[in-house]
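Only one structure is covered here, and it is reproduced in the block below.
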Amino acid sequence: MGILKVFLIGAECAPFVKVGGLADVLGALPKYIKRLGVEAVTVLPLYPLVDQTRFHLQFQDNLVVHTGKGDIPFDVFKYVDEDGIVHYFLKQDHYFNRNAVYGEIDDAERFFAFSLASILLAEREKADVIHANDWHTAVVPVLVKDRHLPFRTVFTIHNLAYQGLCDSSLEEFLMLNRDMAAKMRQDDHTMNPMKGGILCSDYVTTVSPTYAKEILTPEYGMGLNDVLLQRQDRLIGILNGIDTELFNPATDPMIYENFTSEWEKKLQNANALRKELKLQEGDFPLIGLVSRFVEQKGIDLVAQALDDIVGLGAQFVALGTGDKQYEEALLGAGEKHPGFVSVNITFDPALAQRVYAGSTHFLMPSRFEPCGLGQMIALRYGSVPIVRRTGGLADTIFDVDQCDHGNGFVFEEQTPEALIACVKRAIRIYKNERDKHVQLFKRCLSWDVSWDKSAQAYVDLYRKALQ
Ligand code: GLC
101 MGILKVFLIG AECAPFVKVG GLADVLGALP KYIKRLGVEA VTVLPLYPLV
151 DQTRFHLQFQ DNLVVHTGKG DIPFDVFKYV DEDGIVHYFL KQDHYFNRNA
201 VYGEIDDAER FFAFSLASIL LAEREKADVI HANDWHTAVV PVLVKDRHLP
251 FRTVFTIHNL AYQGLCDSSL EEFLMLNRDM AAKMRQDDHT MNPMKGGILC
301 SDYVTTVSPT YAKEILTPEY GMGLNDVLLQ RQDRLIGILN GIDTELFNPA
351 TDPMIYENFT SEWEKKLQNA NALRKELKLQ EGDFPLIGLV SRFVEQKGID
401 LVAQALDDIV GLGAQFVALG TGDKQYEEAL LGAGEKHPGF VSVNITFDPA
451 LAQRVYAGST HFLMPSRFEP CGLGQMIALR YGSVPIVRRT GGLADTIFDV
501 DQCDHGNGFV FEEQTPEALI ACVKRAIRIY KNERDKHVQL FKRCLSWDVS
551 WDKSAQAYVD LYRKALQ
């Protein structure tokens with residue numbers, strides 16, 4: 101048997117184009133899979149956001165996909181990165197020459213066309229397994245099954261909240277047979293791509309063991325809990341890791357002061373961050389938050405808790421963009437506390453690194469969290485996580501007051517009161533038991549957040565799918 105060849109397809113992949121955590125996963129996983137002797141290739145749409153002066157893409161050739169709306173041509177470009185990973189970019193200007201990655205009126209049609217083209221490429225390149233991610237590529241397992249194509253499919257749910265609901269007339273665009281189309285129906289007029297991916301793939305995975313259990317319940321199932329229950333024997337939670345070479349405080353060129361485990365250097369990073377963001381100088385606990393500002397992330401709880409957090413003697417830095425209502429809530433709450441709160445409504449990956457490096461604590465009060473990468477990056481930079489116990493947060497952060505070797509602070513209820521009580525415990529230790537905090541800082545720094553174990557779990561799954 102030759103080398104196992106896996107095509108990872110999705111809408112975003114770091115460092116080429118990133119909106120959220122999906123990009124980090126598709127950017128890191130192939131490298132770690134490759135180290136296990138499996139050939140991993142990524143396939144992405146070519147957006148104008150991809151920096152072609154930095155990445156020299158080579159034109160390969162063309163593909164033509166057949167759709168219910170006629171033939172659609174794609175240009176295939178190839179880029180081989182420094183780890184030897186092949187990345188394909190599919191160029192189709194009518195669909196992808198836009199300024200945004202998502203949020204276009206024809207998103208479903210655009211990503212269906214991309215999915216069709218990815219399958220053609222996978223056929224030509226003789227992939228063994230296609231690993232599709234989130235709703236954008238969820239029709240791939242459906243099409244593979246419908247057309248009896250010679251691939252095994254793995255479908256990963258990064259976030260069940262986005263299902264790609266669209267008009268059922270797009271079944272004709274995909275030229276699906278009736279039975280298969282029925283599988284994807286939400287109701288008479290609506291098609292649900294996420295549902296199709298769940299029902300038609302050989303294996304369904306999601307990005308943490310706890311989220312894999314939660315989504316079987318009505319509370320977290322987003323209307324698809326019954327569908328997921330049907331596939332329970334094929335549903336697996338595999339925890340994400342982070343790229344520990346990319347996220348490394350010892351070498352990170354973005355941060356003020358590189359460090360391995362020196363507490364003084366953490367303080368130097370904190371002081372420099374205070375200076376940069378015009379916060380008052382002093383030995384305050386400095387709580388960071390780097391996030392998309394959407395309902396999932398519990399931003400409203402933070403806005404409501406902010407007066408109390410500052411009242412406890414902490415400083416707070418937020419960085420991110422998202423829904424207007426949450427941006428405004430944070431800005432409004434922050435305005436009242438000059439010198440103590442800095443709210444930065446921008447997407448700035450370099451500043452994000454300085455927040456991880458310069459904060460003493462990292463807040464993640466998510467209402468639900470499939471995995472969450474922020475808390476793992478925070479661990480890697482010795483910023484002690486304060487999180488709500490849900491999804492991947494429950495699988496990665498363990499409360500110091502509940503276990504001997506905890507690595508953070510955890511609360512249960514989705515209320516500002518619960519959040520405040522938890523922050524209070526963290527601040528008390530920082531202020532009154534500094535040795536204990538420094539010990540905790542060191543424990544976070546040595547926590548295993550790598551991809552090693554999980555990359556092996558994916559490889560095992562690919563092999564199982566092929567049996
Ligand atoms: C989504 C989820 C997040 C997860 C990421 C990568 O962004 O919201 O929890 O870590 O995907 O899988």
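Going by this note's numbering, the sequence shown opens with residue 101, and the numbers climb by one from there. Where a beta carbon is used, it is the ideal one built from N, C-alpha and C, also for glycine.
With contacts defined by Cβ atoms closer than 8 Å, Gln404 and Arg467 do not form a contacting pair. In this chain, the alpha helix (DSSP H) harbouring Gln475 covers Gly474 to Arg480. Around the C-beta of Asp246, 16 or more other C-beta atoms lie within 10 Å, and the residue is accordingly described as buried. DSSP places Gly492 inside the alpha helix (DSSP H), whose first and last residues are Gly491 to Thr496.
In the DSSP assignment, Gly506 falls outside any beta strand (DSSP E) and carries neither an H nor an E.
If you draw a straight line from the Cα of Pro485 to the Cα of Thr253, it comes to about 35 Å. Within the same chain, Val410 and Gln415 come within 6 Å of Phe440 by CB-CB distance, once the 5 residues on both sides are set aside.
Judged by DSSP in its simplified three-state form, Glu139 adopts strand. In chain order, the residues positioned with their C-beta nearer than 7 Å to some heavy atom of the ligand GLC are Gly120, Gly121, Leu122, Asp124, Val125, His258, Asn259, Val307, Asn340, Gln396, Glu469, Pro470, Cys471, Gly472, Leu473, Gly491 and Gly492. Pairing Thr305 with Ile336, the inter-Cα distance amounts to about 5 Å. In the DSSP assignment, Met464 falls outside any alpha helix (DSSP H) and within the unbroken beta strand (DSSP E) covering His461 to Met464.
Excluding the 5 residues flanking it on each side, Glu427 has same chain C-beta neighbours closer than 6 Å at Phe393 and Ile445, in chain order. When the five nearest sequence neighbours on each side are left out, the beta carbons in the same chain lying within less than 6 Å of the beta carbon of Gly121 are those of Leu473, in order along the chain.
Between Ile520 and Asp408, the beta carbon gap of about 5 Å places them in contact (Cβ cut-off 8 Å). Our two residues, Ala222 and Asn507, have alpha carbons roughly 42 Å apart in a direct line.
Looking only at Lys542, Pro309, Phe116 and Ala140, the smallest Cα-Cα distance to Asp495 is reached by Pro309. Beta-carbon to beta-carbon, Ser442 and Leu339 are separated by about 32 Å, too far to satisfy the 8 Å threshold. Here Ile205 is exposed. Its C-beta has fewer than 16 other C-beta atoms within 10 Å.
Thr142 and Asp183 have their C-alpha atoms spaced approximately 13 Å apart. Between the segment 291-305 and the segment 256-276, the count of Cβ pairs shorter than 8 Å is three or higher; the stretches touch.
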